[in-house]
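**Student:** Whatever position you read off the sequence shown (first residue = 1), add 26 for this note's numbering. Glycine included, C-beta positions come from ideal geometry on N, C-alpha and C. Pasting a structure below so you can have a look.
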Amino acid sequence: MRVTVQDIMTTEVASVNGSTPFKDIAEVLIAHGVSAVPVVDAENHVLGVVSEADLLCKEEFRERYYAEGYEPPLRAQLRHRLSEEGSELRRKAAGDTAAQLMTAPAVTVPATVSAVTAARRMDEHGVKRLIVVDNDGTLQGVVSRRDLLKVFVRPDADIDRAIREDVLECSPWAQTAGVTVEVQQGVVTLSGWMSRRSETLLAVRLAAGVDGVVDVIDQLRWKHDDTWGTR
Numbered sequence: 027m028r029v030t031v032q033d034i035m036t037t038e039v040a041s042v043n044g045s046t047p048f049k050d051i052a053e054v055l056i057a058h059g060v061s062a063v064p065v066v067d068a069e070n071h072v073l074g075v076v077s078e079a080d081l082l083c084k085e086e087f088r089e090r091y092y093a094e095g096y097e098p099p100l101r102a103q104l105r106h107r108l109s110e111e112g113s114e115l116r117r118k119a120a121g122d123t124a125a126q127l128m129t130a131p132a133v134t135v136p137a138t139v140s141a142v143t144a145a146r147r148m149d150e151h152g153v154k155r156l157i158v159v160d161n162d163g164t165l166q167g168v169v170s171r172r173d174l175l176k177v178f179v180r181p182d183a184d185i186d187r188a189i190r191e192d193v194l195e196c197s198p199w200a201q202t203a204g205v206t207v208e209v210q211q212g213v214v215t216l217s218g219w220m221s222r223r224s225e226t227l228l229a230v231r232l233a234a235g236v237d238g239v240v241d242v243i244d245q246l247r248w249k250h251d252d253t254w255g256t257r
């Protein structure tokens, strides 16, 4: 079975509403030891996310907005002038409530998708966490990078069993009785014999897709090389 977001997400999530003041948001982040909170409406629908970075925009631009003669570093000035990021940062720096400070729309994910899909979505959007919502956008939880790491601390015995039961024993495509599985610290070693080389390649690929597998060492041998001429 593939690990899904529902298996690893945090369900007790601190949130704020659009009218929550700046200082109250900061207090929520500190009190709960989190780096961001979802912004929700009265029906708990997710509107956006406020992060530490959003709040720190005010500090970065504080002197500029209060005419204290502050000039940000040259690199920051160039970044702000050459992209839309500058106007967005200035907007957030002037904000006083969650609705004015938040990043919207939030990057969300359903609880039913796999941990791998969640990791890819984080990478695609360059975020450290995803807000988990149901079909109508109601907050269900949060999944973070730390949560995703839980997949890789899966016990070796569980990984061994998953490969045997879900890959080898449920394989109408090949005879796998001659295959030996060893797992150490998440690294899987497949050894023994299979009939065709194509079957060994498929077994290695499927084993690598099992949750918790760090790497697969292929020591399988075959009787017939049916991949000749296909490479």
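If you check the beta carbons only, do Ala40 and Val63 fall under 9 Å apart?
**Tutor:** It is a contact, given that the beta carbons lie within the stated cut-off.
**Student:** Identify the continuous alpha helix (DSSP H) that holds Asp237 and give its terminal residues.
**Tutor:** Taken as a continuous stretch (DSSP letters only), Asp237 belongs to no alpha helix (DSSP H), as it is neither H nor E.
**Student:** Quick check: the region 157-167 against the region 65-85, are at least 3 beta-carbon pairs closer than 8 Å?
**Tutor:** Flag = yes, the region 65-85 and the region 157-167 touch.
**Student:** Looking at the secondary structure, which residues open and close the alpha helix (DSSP H) in which Ala203 lies?
**Tutor:** It is not in any alpha helix (DSSP H) - Ala203 carries neither H nor E in the DSSP assignment.
**Student:** The alpha helix (DSSP H) that contains Val142, what's its start and end?
**Tutor:** Run containing Val142: 141-151, per the alpha helix (DSSP H) assignment.
**Student:** On the premise that Leu194 lies in contact with Val209, defined as a C-beta separation below 8 Å, what is that separation, rounded to the nearest angstrom?
**Tutor:** The Cβ separation is near 13 Å, so there is no contact.
**Student:** Do the CB positions of Ala132 and Ile34 come within less than 9 Å of each other?
**Tutor:** It is not a contact, given that the beta carbons lie outside the stated cut-off.
**Student:** Thinking just about the alpha-carbon of each residue, which of Met220, Leu127, His71, Pro181 is nearest to the one in Val159?
**Tutor:** Ranking Met220, Leu127, His71, Pro181 by Cα distance to Val159 puts His71 first.
**Student:** Would you give the residue range spanned by the beta strand (DSSP E) that Arg222 belongs to?
**Tutor:** Note, Arg222: beta strand (DSSP E), 213-222.
**Student:** Excluding the five sequence neighbours on either side, which residues of its own chain have a C-beta within less than 6 Å of the C-beta of Ala93, listed in chain order?
**Tutor:** Confidence is the limiting factor: at Ala93 the pLDDT is only 47, short of 50, which leaves the residue's position unreliable, though a coordinate-based value still follows. Excluding residues within five positions, none has a Cβ falling inside 6 Å.
**Student:** Are the beta-carbon atoms belonging to Leu156 and Val31 less than 9 Å from one another?
**Tutor:** Going by C-beta atoms, Leu156 is nearer than 9 Å to Val31.
**Student:** When burial is assigned at 16 or more other CB atoms within 10 Å of the CB, is Asp237 buried or exposed?
**Tutor:** Its Cβ being crowded by 16 or more others within 10 Å, Asp237 is buried.
**Student:** Span of the alpha helix (DSSP H) holding Arg172?
**Tutor:** It spans 171-175 - the alpha helix (DSSP H) in which Arg172 sits, taken as one unbroken run.
**Student:** Give a yes or no on whether the C-beta atoms belonging to Ile189 and Val207 are separated by under 9 Å.
**Tutor:** Yes, they are a contact pair.
**Student:** Buried or exposed, going by whether 16 or more other CB atoms sit within 10 Å of the CB of Ser45?
**Tutor:** Ser45 is exposed by the Cβ-count criterion.
**Student:** Would Gln245 and Ser221 qualify as a contact pair, given that the criterion is a beta-carbon distance under 9 Å?
**Tutor:** No.
**Student:** With DSSP run on the structure shown, which of helix, strand or coil describes Ala137?
**Tutor:** It is coil, neither helix nor strand.
**Student:** In three-state terms, what does DSSP make of Ala93?
**Tutor:** In this prediction, Ala93 scores a pLDDT of 47, lower than 50, which makes its location untrustworthy; the coordinate-derived value is nonetheless stated afterwards. In the structure shown, Ala93 sits in coil (DSSP, three-state: anything other than H, G, I, E or B).
**Student:** At what residues does the alpha helix (DSSP H) containing Arg187 begin and finish?
**Tutor:** 182-188 is the extent of the alpha helix (DSSP H) around Arg187.
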